[in-house]
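These notes concern the structure reproduced below.
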Amino acid sequence: MKNLLKLSASVFLVLVLLSSCSSVRVSSDYDTKTNFEKYKTYAFYKKGINAANLSEIDKKRILSAVEVQLKNKGFAKSKHPDLLVNIATDAEEHVEFRNLNGSFSRWPSTRRFTNGEITVELIDYADKKMVWQGTASGILNYLNTKETASNKEKQIKEFVYEIMTKYPPTAE
77 MKNLLKLSAS VFLVLVLLSS CSSVRVSSDY DTKTNFEKYK TYAFYKKGIN AANLSEIDKK
137 RILSAVEVQL KNKGFAKSKH PDLLVNIATD AEEHVEFRNL NGSFSRWPST RRFTNGEITV
197 ELIDYADKKM VWQGTASGIL NYLNTKETAS NKEKQIKEFV YEIMTKYPPT AE
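Numbering (the working numbering), first residue to last: 77 to 248.
Quick look at the structure:
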């Protein structure tokens, strides 16, 4: 009986941990003729992030997360950049309807969630052409928690980190 109880507790813990992990979908695209090794400096394209329908705090969070990732990749911020970094965001609210106990239940449930998306675009400053784009999307988990600010920052960092794992692009 004790072993069964321990097994049940272990299974429950694994399920809780798995359900708390977010699922981020990432895609990227790039100009195959571009030599990405030539890019060493960047600046933010302010009109892009300013157009996003976000609070100033969230804009700062995104810019900071992108800045950290670019620095980790060896980029330096510059007033005369090789690349302009444009950021776009999107969010859609969804309502999911389902039955609690299979398809024949009389007890329907609803779940509200918001699917969010962050896109990072890298634009060759000299040519004024986009050379790389990465997008991450997923359910914004922080909306359903009490620790909204810290969870929001954590999730933004996760989205940006996942996007930047795709840069520089590798030939397939």
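Where a beta carbon is used, it is the ideal one built from N, C-alpha and C, also for glycine.
Specify the secondary structure class of residue i as computed by DSSP and reduced to three states.
{"i": "methionine 246", "result": "With the sequence shown as reference, residue 246 is identified as threonine, and methionine is not the correct amino acid for it. Coil at threonine 246, not helix or strand."}
{"i": "aspartate 134", "result": "helix"}
{"i": "lysine 153", "result": "strand"}
{"i": "leucine 146", "result": "helix"}
{"i": "leucine 139", "result": "helix"}
Excluding the 5 residues preceding and the 5 following residue i in the sequence, name in chain order all residues of the same chain whose CB lies nearer than 6 Å to its CB.
{"i": "asparagine 79", "result": "Low local confidence applies: a pLDDT of 45 at asparagine 79 is under 50, so the model's placement there is unreliable, with the coordinate-based value given in what follows. Nothing listed; no residue qualifies."}
{"i": "methionine 240", "result": "Gln145"}
{"i": "glutamate 229", "result": "Arg137"}
Tell me the residue span of the beta strand (DSSP E) that contains residue i.
{"i": "aspartate 200", "result": "184-200"}
{"i": "serine 103", "result": "101-106"}
Can you name, in chain order, every residue of its own chain whose Cβ lies under 8 Å from the Cβ of residue i, other than the five neighbours on each side?
{"i": "isoleucine 232", "result": "Asp134, Arg137, Ile138, Ala141, Ile194"}
{"i": "lysine 155", "result": "Ala119"}
Out of curiosity, what's the CA-to-CA distance linking residue i and residue j?
{"i": "tyrosine 106", "j": "glycine 214", "result": "22 Å"}
{"i": "arginine 174", "j": "asparagine 191", "result": "18 Å"}
{"i": "serine 131", "j": "lysine 109", "result": "37 Å"}
{"i": "proline 245", "j": "arginine 188", "result": "36 Å"}
Provide the residue span of the alpha helix (DSSP H) that contains residue i, from first to last.
{"i": "aspartate 203", "result": "Aspartate 203 -> no alpha helix (DSSP H), and no H or E assigned at all."}
My guess is that residue i and residue j are in contact by the Cβ rule of under 8 Å, so how many angstroms apart are they, rounded?
{"i": "lysine 163", "j": "alanine 128", "result": "According to the sequence displayed, residue 163 carries isoleucine and not lysine. Yes, they are in contact, since the Cβ atoms of isoleucine 163 and alanine 128 sit about 7 Å apart, within 8 Å."}
{"i": "valine 161", "j": "tyrosine 121", "result": "6 Å"}
When every heavy atom of the ligand PLP is checked, does at least one fall within less than 6 Å of the C-beta of residue i?
{"i": "serine 213", "result": "Of the ligands one can find in the structure shown there are none, so the ligand PLP has no counterpart to examine."}
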